[in-house]
Amino acid sequence: MKSKVSRIFALIAVIALAFTVVPSSMAAPAKPKEVRIGLLFPTTGAFALLGTDQMTGAEMVLKWANANGGINGVPIKIFYGDSKSNAAEGATAAQRMIDNDKVDIIIGSYSSGIAQAVMPVAQRNNVILWEVGAVSPTVNSQGYSNFLRTVGVSKTYAAADYDFVTKFLAKKLGKKATDLRIAIANNNGAFAASVGDAVNDLFVAKGLKVVAKEVYPSTSTDLTPLVLKLKAATPDVLFLTPDAPDSLLFWKTAKTQDFNVSALVGSSGIGGAGFVAAFGATGVEGVYDVEAPALASMNTSGLKSRVADLTAQWVKEFGAAMGHPCAVHCGDGIGGAYTLVTDVLPRALRTSNSFSASAIISSASKTNIQDGGTPQGFGVQFTGTNSATVGENTKAKSVIMQWQSGALKVVWPSNLATSTPFAPMKTWDQR
1 MKSKVSRIFA
11 LIAVIALAFT
21 VVPSSMAAPA
31 KPKEVRIGLL
41 FPTTGAFALL
51 GTDQMTGAEM
61 VLKWANANGG
71 INGVPIKIFY
81 GDSKSNAAEG
91 ATAAQRMIDN
101 DKVDIIIGSY
111 SSGIAQAVMP
121 VAQRNNVILW
131 EVGAVSPTVN
141 SQGYSNFLRT
151 VGVSKTYAAA
161 DYDFVTKFLA
171 KKLGKKATDL
181 RIAIANNNGA
191 FAASVGDAVN
201 DLFVAKGLKV
211 VAKEVYPSTS
221 TDLTPLVLKL
231 KAATPDVLFL
241 TPDAPDSLLF
251 WKTAKTQDFN
261 VSALVGSSGI
271 GGAGFVAAFG
281 ATGVEGVYDV
291 EAPALASMNT
301 SGLKSRVADL
311 TAQWVKEFGA
321 AMGHPCAVHC
331 GDGIGGAYTL
341 VTDVLPRALR
351 TSNSFSASAI
361 ISSASKTNIQ
371 DGGTPQGFGV
381 QFTGTNSATV
391 GENTKAKSVI
401 MQWQSGALKV
411 VWPSNLATST
421 PFAPMKTWDQ
431 R
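The UniProt record's numbering puts the first residue of the sequence shown at 1, with every later residue one more than the last.
Here is the structure:
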């Protein structure tokens with residue numbers, strides 16, 4: 001009898017153990033040995049100058065993270081791709097990174113057109129596209145789940161423009177905002193078209209007087225017809241959205257045709273080092289630029305102390321390496337990569353022990369960084385996969401900068417400004 005009871009208890013123990021042992025297929029995943037990140041930017045071709053700036057900014061932050069323990073002890077392995085300033089080349093380079101380098105994340109892309117081509121490749125292969133530069137809403141018009149963008153979209157540019165016109169510029173020019181004659185011009189690329197349309201739509205809806213809305217081919221080699229049309233419209237203010245190459249061509253043509261406005265608010269190439277290099281400090285004096293802030297000339301007093309210290313370190317490092325200040329596109333790379341390595345990836349590792357796309361998306365859904373918590377000054381909070389606009393940073397902002405004495409200074413809003421804006425600009429015969 002005693003032997004029979006013992007056998008029964010032994011059987012019960014075995015059954016209990018069977019229910020408490022976790023099958024290997026259900027065990028927590030092993031800690032990743034590394035996280036593989038691809039930097040995919042246009043480092044040759046028409047967009048190379050600003051694309052390289054953006055890539056370098058992101059690269060500095062990834063290397064800083066590695067020097068400080070990686071992602072909670074997991075090192076970052078960095079891979080490089082060149083989109084060659086071409087959408088098809090960007091898609092090919094993305095696929096190559098995925099196939100050959102086995103990247104978990106692609107950081108890109110500078111150009112909206114390139115990002116739009118890369119996004120389906122990333123989604124199809126279940127890789128994250130961490131977008132730090134492209135602002136057109138069409139980049140993720142399909143609502144792909146693997147898309148996360150740290151910078152604002154074209155509507156943030158328009159909002160900053162409207163705020164600046166109505167609260168400062170109109171008064172400075174001695175007119176009511178509704179009496180200003182406003183012209184809008186952009187090339188037909190994805191980025192420029194989205195910004196130009198957003199500015200036009202907002203201004204018209206708010207009752208501002210848009211006297212011209214012109215679109216020109218991004219491949220134009222002669223902008224004389226465009227400039228003459230704009231000149232005939234006699235605007236007080238011109239809102240211009242070019243890419244880097246046509247920003248130089250436009251300003252050269254404006255000088256040749258003696259086209260003067262009281263204020264020019266540009267973007268993209270207007271804020272790049274190549275613009276002041278081509279025309280000199282006097283040639284660009286007073287020109288405005290609307291984008292995310294240029295870190296080298298932003299007031300960082302509102303940043304958290306650790307963020308401010310790191311920003312100063314990276315700005316100095318970038319200037320020494322590149323020979324020009326860390327402006328808008330460098331800042332995009334720094335700000336976007338900072339959020340990735342200090343917030344999203346550490347949380348993904350803590351909660352999922354993984355850098356899979358699903359782990360990163362889940363982690364990003366919990367991101368809630370307040371203003372002052374990133375090098376660019378604005379916070380970060382992403383829209384979810386059930387939103388009409390997936391993966392957008394709802395806290396991203398644009399600022400107004402101005403070329404003053406050869407430097408691009410943040411001038412609006414006042415909490416980020418390092419200088420006071422002025423208007424009107426000098427005419428060409430006064431430069």
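Positions of the beta carbon are idealized from the N, C-alpha and C atoms, including for glycine.
Asn187 is the residue among Asn187, Asp371, Thr339, Lys397 whose C-alpha sits nearest the C-alpha of glycine 269. Annotation for valine 284: Phe275, Val276, Trp403 place their beta carbon closer than 7 Å to its own, counting only its chain and skipping 5 residues before and after. Phenylalanine 250 and threonine 221 have their alpha carbons spaced roughly 10 Å apart.
With a cutoff of 8 Å on beta-carbon distance, alanine 122 and isoleucine 106 are scored as near each other. According to DSSP, alanine 417 shares a beta bridge with no other residue.
Straight-line measurement puts the Cα of glycine 384 at about 9 Å from the Cα of isoleucine 361.
The DSSP-derived three-state label of lysine 255 is helix.
Two segments are said to touch when three or more pairs of C-beta atoms, one from each, lie closer than 8 Å; by this definition the stretch 239-253 does not touch the stretch 122-142. In the three-state reduction of the DSSP assignment, threonine 282 falls in the helix class, which pools H, G and I. Below 8 Å, enough C-beta pairs join the stretch 342-352 and the stretch 56-72 to call them touching: three or more. It is roughly 45 Å from the alpha-carbon of lysine 229 to the alpha-carbon of valine 61. The closest CA to that of valine 328, considering only Ser305, Ala296, Gly319, Ser356, is found on Ala296. Shown here for valine 410: same chain residues with a beta carbon closer than 8 Å to its own, the five before and five after excluded, namely Pro293, Ala294, Ser297, Met298, Asn299, Val399, Ile400, Met401, Leu416, Ala417, Thr418, Ser419 in chain order. In the DSSP assignment, arginine 431 falls outside any alpha helix (DSSP H) and carries neither an H nor an E. Annotation for methionine 55: the continuous alpha helix (DSSP H) segment containing it runs 48-67. Where alanine 158 is concerned, there is no enclosing beta strand (DSSP E), although the alpha helix (DSSP H) around it starts and stops at 154-164. Listed in chain order, the non-local C-beta contacts of methionine 55 below 7 Å within the same chain comprise Leu39, Phe41, Thr43, Gly333, local neighbours out to five positions each way being set aside.
Distance check between proline 120 and each of Ala88, Ala158, Ser301, Ala233 places Ala88 closest, using alpha-carbon atoms only.
Here the C-alpha atom of glycine 113 lies approximately 32 Å from the C-alpha atom of leucine 349.
Apart from the 5 residues on each side of it in sequence, glutamine 381 sits with its Cβ closer than 8 Å to the Cβ of Thr367, Asn368, Ile369, Asn393, Thr394, Lys395 in its chain, given in chain order. With a 10 Å radius around the Cβ and a threshold of 16 neighbouring Cβ atoms, proline 29 comes out exposed. For glutamine 313, the secondary structure class from DSSP, reduced to helix, strand or coil, is helix. In this structure, DSSP gives asparagine 140 a helical state, which the three-state scheme calls helix.
According to the DSSP assignment, glutamate 291 belongs to the beta strand (DSSP E) that extends over 288-291.
Nearest C-alpha to alanine 407 among Ser387, Thr282, Lys175, Ser365: Thr282.
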